[in-house]
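Peer 1: Quick one: structure below, then a few questions.
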Amino acid sequence: MAASSNLRVAVVQFAPKLGQVHANIAKARELCAGLTPKSIDLLCLPEMIFSGYMFPDAPSIAPYLEHPKTGPTSAFCAALARHLQCYVTAGYPERLAPQDSDTAPPGTTQPPPIGANSAVLYGPTGEHVSAYRKTNLFETDLTWAVPGAAFSTVHLPLPLGRTTIAICNDLNVQKPAVWESIEEGPYELAKHCIRDGTRLLVLLNAWLCHQRDESAQSDWGGDDPEGSNSGESDELGPNWEVLQYWAARLRPAWASDDGTRNLKDHEVKSADKQEDPEDLLVVLCNRCGHEGGKTFVGSSAMLSMRRGSGRPRLLHAMGEREEGVGVWTAKVE
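Numbered per the UniProt record's numbering, the sequence shown spans residues 1 to 333.
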């Protein structure tokens, strides 16, 4: 049996202000000030965390699009990674190169996209490691962004290993497909992780809290466009319904033939239990706060999923409104 080691992940959750890039960077820097070099392996910041998310159209987001590798998000991540001597990932609105933005989406009359909803990963010496573009665009993205080509997995040194970085709505069904069956899915992101042997899945989110008619809710079924009902939450702890939904959308990574079990029944498990090589560690880094008349659900979390176990395990979680840095440890092989 391979020796186990600790994977140390820091998750930054706060409420950015729309369009206030420098103030948001200052807030993130303040929150991370207590972290010391070599104390973590990976630090995560949410989707479009420094620009904010709820831009109504392409002209409104245009001033905040960033050049890859040289924009404010990349500069911040590179500097922080170098200081902490760890990997740092964050979401940002990418400015397209001219050759990428000269055509409108096929079959539409809307203007050509001007950007991409992207994520960047920097390494311990401040080097650029990888980039990713959100594949499954949410309705807010459709006014300005081009979708990415596909999910991808990057090979990182242990204890990280094979790591997949995805963004928010990537967890949901890709239209025109519909999530009609809990057993059959489709589960695009989960299937990618299984196929590629992903060891660590990182989701950078700007996940909304949707208020819905309770009669429209089902256990873990239906299509949920970047949001979920918050009826079971007191807003001091995590939103359990959202945590269950996130876990449900990764069902192939933990389900057994004899059905599912409720995540809330098991609450937060100790991270001291050794994981086996088939475990998928999932980090969901979400923002909180209000923006554009919408509320973001926070509840950043770390889950462990073992194929065939019949249930996911919640290792750590933050509250819906909590601002801060969660520093979490899990054992991996």
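C-beta atoms are modelled at their ideal positions from N, C-alpha and C, and glycine is treated no differently.
1) Taking the beta strand (DSSP E) that Val202 belongs to, which residues open and close that run?
2) Where does Tyr122 land, buried or exposed, given buried means 16+ other C-beta within 10 angstroms?
3) Run the CB neighbour count on Asn6, radius 10 Å, all protein chains shown included, and call it buried at 16 or more, exposed below.
4) Run the CB neighbour count on Glu183, radius 10 Å, all protein chains shown included, and call it buried at 16 or more, exposed below.
5) Pick from Asp279, Ile167, Arg311, Leu204: whose alpha carbon is nearest that of Leu45?
6) Quick one: grab the DSSP three-state call for Gln99.
7) Given a cut-off of 8 Å on the beta-carbon distance, is the pair Ala253 and Leu280 in contact?
8) Mind checking Val178: buried by the 16 CB within 10 Å criterion, or exposed?
9) Rounded to the nearest angstrom, how far is the Cβ of Lys17 from that of Gly52, given a contact under 8 Å?
10) Considering Tyr122, what are the terminal residues of the alpha helix (DSSP H) in which it resides?
11) In chain order, what residues of the same chain have a beta carbon less than 7 Å from the beta carbon of Ser270, not counting five sequence neighbours either side?
12) Between the Cα of residue 348 and those of Trp144, Ala149, Leu200, Glu180, spot the shortest distance and give me the residue it belongs to.
13) Output the residue ranges of the alpha helix (DSSP H) runs that lie fully inside the region 10 to 78 and measure 4 residues or longer, sorted by chain position.
14) I need the boundaries of the alpha helix (DSSP H) containing Lys294, first residue and last residue.
Peer 2: Well, looking at it:
1) The residue labelled residue 202 in the question sits at position 202 within the sequence shown. Where Val202 is concerned, the enclosing beta strand (DSSP E) stretches over 200 to 204.
2) Locating residue 122 in the sequence shown gives position 122, counting from the first residue. Flag for Tyr122 reads buried.
3) Walking along the sequence shown from the start, residue 6 turns up at place 6. Flag for Asn6 reads exposed.
4) In the sequence shown, residue 183 corresponds to position 183, counting from 1. Exposed: under 16 other Cβ atoms inside 10 Å.
5) The sequence position of residue 45 within the sequence shown is 45, counting from 1. Checking every option, the nearest Cα to that of Leu45 belongs to Leu204.
6) Working through the sequence shown from its first residue, we reach residue 99 at position 99. Of the three classes helix, strand and coil, the one that applies to Gln99 here is helix, per DSSP.
7) The residue you call residue 253 lines up with position 253 of the sequence shown. The residue you call residue 280 lines up with position 280 of the sequence shown. Cβ distance < 8 Å, so Ala253 and Leu280 count as in contact.
8) One-based indexing of the sequence shown puts residue 178 at position 178. Exposed is the call here.
9) Against the sequence shown, residue 17 aligns to sequence position 17. Against the sequence shown, residue 52 aligns to sequence position 52. Yes, they are in contact, since the Cβ atoms of Lys17 and Gly52 sit about 7 Å apart, within 8 Å.
10) For the purposes of this step, residue 122 is taken as residue 122 along the sequence shown, with counting starting at 1. Unbroken run through Tyr122 is the beta strand (DSSP E), 115 to 122; no alpha helix (DSSP H).
11) Counting from one through the sequence shown, the residue named residue 270 turns up at place 270. At Ser270 the pLDDT is 39, less than 50, meaning the model places this residue with poor confidence; the figure from the coordinates comes in the next sentence. Closer than 7 Å at Cβ, skipping near neighbours: no residue.
12) Nothing about residue 348 can be read from this structure; the chain reaches only from 1 to 333.
13) 21 to 31, 58 to 61
14) Counting from 1 along the sequence shown, the entry for residue 294 is found at position 294. No alpha helix (DSSP H) holds Lys294; the beta strand (DSSP E) holding it covers 294 to 297.
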